Every structure is written in C-alpha cells, then in structure tokens.
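Residues in the sequence shown are numbered from 4 upward in steps of one, following the numbering used here.
Here is the structure we will look at, set down as structure tokens.
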Amino acid sequence: MTLGELAVHRLGYGAMRLTGAGVWGPPKDRAGALAVLRRAVELGVNFIDTADSYGPEVNEELIAEALLPYPSELVIATKGGWVRSGPGVWAHNATPDHLRKAVEGSLKRLRRERIDLYQLHIPDPIVSFEASVGTLADLQAEGKIRLIGLSNVTREHIERARKIVPIVSVQNRYSFADREWDYVVDYCEQNGIVFIPWFPLGAGKVAEETVRRIAAAHGAQPMHVALAWLLQRSPLMLPIPGTSSVEHLEENMLAGSLRLTKSEFDQLAGVPELAFSR
Numbered sequence: 004m005t006l007g008e009l010a011v012h013r014l015g016y017g018a019m020r021l022t023g024a025g026v027w028g029p030p031k032d033r034a035g036a037l038a039v040l041r042r043a044v045e046l047g048v049n050f051i052d053t054a055d056s057y058g059p060e061v062n063e064e065l066i067a068e069a070l071l072p073y074p075s076e077l078v079i080a081t082k083g084g085w086v087r088s089g090p091g092v093w094a095h096n097a098t099p100d101h102l103r104k105a106v107e108g109s110l111k112r113l114r115r116e117r118i119d120l121y122q123l124h125i126p127d128p129i130v131s132f133e134a135s136v137g138t139l140a141d142l143q144a145e146g147k148i149r150l151i152g153l154s155n156v157t158r159e160h161i162e163r164a165r166k167i168v169p170i171v172s173v174q175n176r177y178s179f180a181d182r183e184w185d186y187v188v189d190y191c192e193q194n195g196i197v198f199i200p201w202f203p204l205g206a207g208k209v210a211e212e213t214v215r216r217i218a219a220a221h222g223a224q225p226m227h228v229a230l231a232w233l234l235q236r237s238p239l240m241l242p243i244p245g246t247s248s249v250e251h252l253e254e255n256m257l258a259g260s261l262r263l264t265k266s267e268f269d270q271l272a273g274v275p276e277l278a279f280s281r
C-alpha cells in the first residue's frame, strides 16, 4: 500500500494503549511497552500511529526510546488537536498557535527532523477548520511535516481540506459492526486516500455472535476476523490494532493471512445497525 509516496504494510500498530489508565500517564509495565513496540517492528510493522495527547506526551517518548535508531522504512504518524488535563479528559485546541507548538513538541519527543504523517486529531468547533489545516500546510512547506492526514472528520471536512493541501489519510472510528463512516471509506477509496480505522472490533450482541461463529469456522480469534473484514472492505484500508501485550500483538498480525468468503464478508457487513457500538 502507498501512503502518499511512502510504502506501508497493510497492518499497522496503534500505540495508544501503551499508556496508563484513561490514556493518562506512563504504562504500568514500561519494559513491556517497549517490548511491544520492538516486537511490532520485528514482525514487519512499518506504520505506527500515536498522538501527543496519549499520555499526554508519554506515547511519543516511548516510541523513540524503543525504536531509535529508527529503521529507514518505518513510518511514524502522530496527531495534534486534543489537550488533556486528566485521565479520560479531552478538550479541543486546534488553534494555529497550539498546532505549531504541538508539532514542535512531537518532533522533539520523537527525535525526528520531520514528521512522516501529521494528522489533525479532530476539528475544533470554535476554530476555523481552514485555519487549522492551513497551519499544517504551512508547517509542511517549512519541512516539518512530510504528509498530512485528518481524523474524526466528515466528507465535507475532507473536501474543504483538500482545497488547501493534499490529504493522504483519514482516521475515523470504523468496523464491520460500526459503519457510520461507510460513505467516507468509499470517498477515500475513490480519491486514493488511505483510510485508517480505529476501534476495529465492534460490540453488540448480534455482532459478537456473528464474528465468533465465523472465527470458530476458521480456527481463529474474533479480532482476526474483524481485521480481515476491514482488509477486504477496501484496498486502501490500513487497520492499526493496538495492544499492550506481545502475545496479542503476534495474534493480531495473523489477520493478514485470513481470507473471508464472500458469504462471511456479507454476513458481517449485514450486522444490523441496532448492534452498532456508539
């Protein structure tokens, strides 16, 4: 798969879980968190997703500690636009001034001269979206960002952003059991934009029963099936399953070799809306 001009494997790793409870503070097992990051790269993962708000700052620091010197093919994506004041507490700040400081902070923590992919974490309801995206475009022109992506956005947001700067990725919540953003996935595929789904294993009784039945038929785990469905949903889908366990990480990577039948794919796609996790 190509992300902008960068080649990435179709299963990435989302590092958010490598923090304390409520995505706050350091992990309980720092050595274990570092081991997960190193094992991900050993398994061939070359796309790691993080954000300055995970910790905050802790997540980016862990990545640098675990993986420096970075392999030449490793793509690290980070995000800005949320600020934190405590466990489970998130507040908007996508002002130009904050985004500039956020990018500088991420560069310092990741110990990089340029960020491979920088994503606006979420549009700020009281800040001009064009001003936020325009700031990222300016930072790209200054050589501090290589590629620009968006997160938690609508098609309208993407279209508005593309009038300012090329957008190479969109990261929204999405799974076989949560297809609110189906139309965004379709738009991204039509326009060569990589779609990065988060929360890939949907909840709900019908969804759980369906995925477990199909997993049993393949001798696989439900997460494998959920990830396999995403990979078959679009050739531009880049799932980033996250875990704080090396064992679970190794299990998740098996999803790349699982192929669902058309009937199984359709059964999962047919999970009713009432089963969606909100």
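C-beta atoms are modelled at their ideal positions from N, C-alpha and C, and glycine is treated no differently.
Given the structure is predicted, the values throughout are model-derived calculations rather than measurements.
Item to check | Continuous beta strand (DSSP E) stretch holding HIS95: start and end | outcome: 92-95
Item to check | Contacting residues, own chain, Cβ-Cβ under 7 Å from ALA278 (five flanking each side not counted) | outcome: Any reading at ALA278 must be qualified, since the residue scores a pLDDT of 41, below 50, and its modelled position is unreliable; the value itself is stated next. These residues qualify, in order along the chain: ALA180, GLY207, LYS208, VAL209 and ALA210.
Checklist entry - Ordered along the chain, which non-local residues of its own chain (more than five positions away) have a Cβ less than 8 Å from that of SER135? => result GLY84, ALA97, THR98, PRO99, LEU102, LEU123, PRO126 and ASP127
Item to check | Residue of ARG176, LYS147, GLY108 and LEU139 minimising C-alpha distance to ILE170 | outcome: Taking only the C-alpha atoms, the option nearest ILE170 is LEU139.
Checklist entry - Do the segment 49-65 and the segment 249-266 touch if we need at least three Cβ pairs shorter than 8 Å? => result no
Next on the checklist: Taking the alpha-carbon of GLN270 as reference, which of SER178, LEU37, VAL214 and ALA258 has the nearest alpha-carbon?
Outcome noted: Ranking the options by Cα distance to GLN270, first place goes to VAL214.
Checklist entry - What are the boundary residues of the alpha helix (DSSP H) that includes ARG215? => result From DSSP, the alpha helix (DSSP H) with ARG215 extends over 208-221.
Next on the checklist: Quick check: what's the CA-CA separation for PHE268 versus SER154?
Outcome noted: 26 Å
Checklist entry - If you draw a straight line from the alpha carbon of PRO30 to that of LEU21, how long is it in whole angstroms? => result 6 Å
Checklist entry - For GLN193, does the count of other Cβ atoms within 10 angstroms reach 16, so buried, or fall short, so exposed? => result exposed
Item to check | Cβ pair GLY25, PRO90 closer than 8 Å | outcome: yes
Checklist entry - DSSP puts ARG13 in a beta bridge; with which residues? => result Answer is none; ARG13 lacks a bridge partner.
Checklist entry - To the nearest angstrom, how far is it from the Cα of ASP189 to the Cα of ARG33? => result 39 Å
Checklist entry - Which residue from VAL44, GLU60 and ASN62 puts its Cα closest to that of GLU76? => result Comparing Cα-Cα distances from GLU76 to each of VAL44, GLU60 and ASN62, the minimum goes to VAL44.
Checklist entry - What runs of the alpha helix (DSSP H), each 4 residues or longer, lie entirely inside the segment 38-96? => result 61-70
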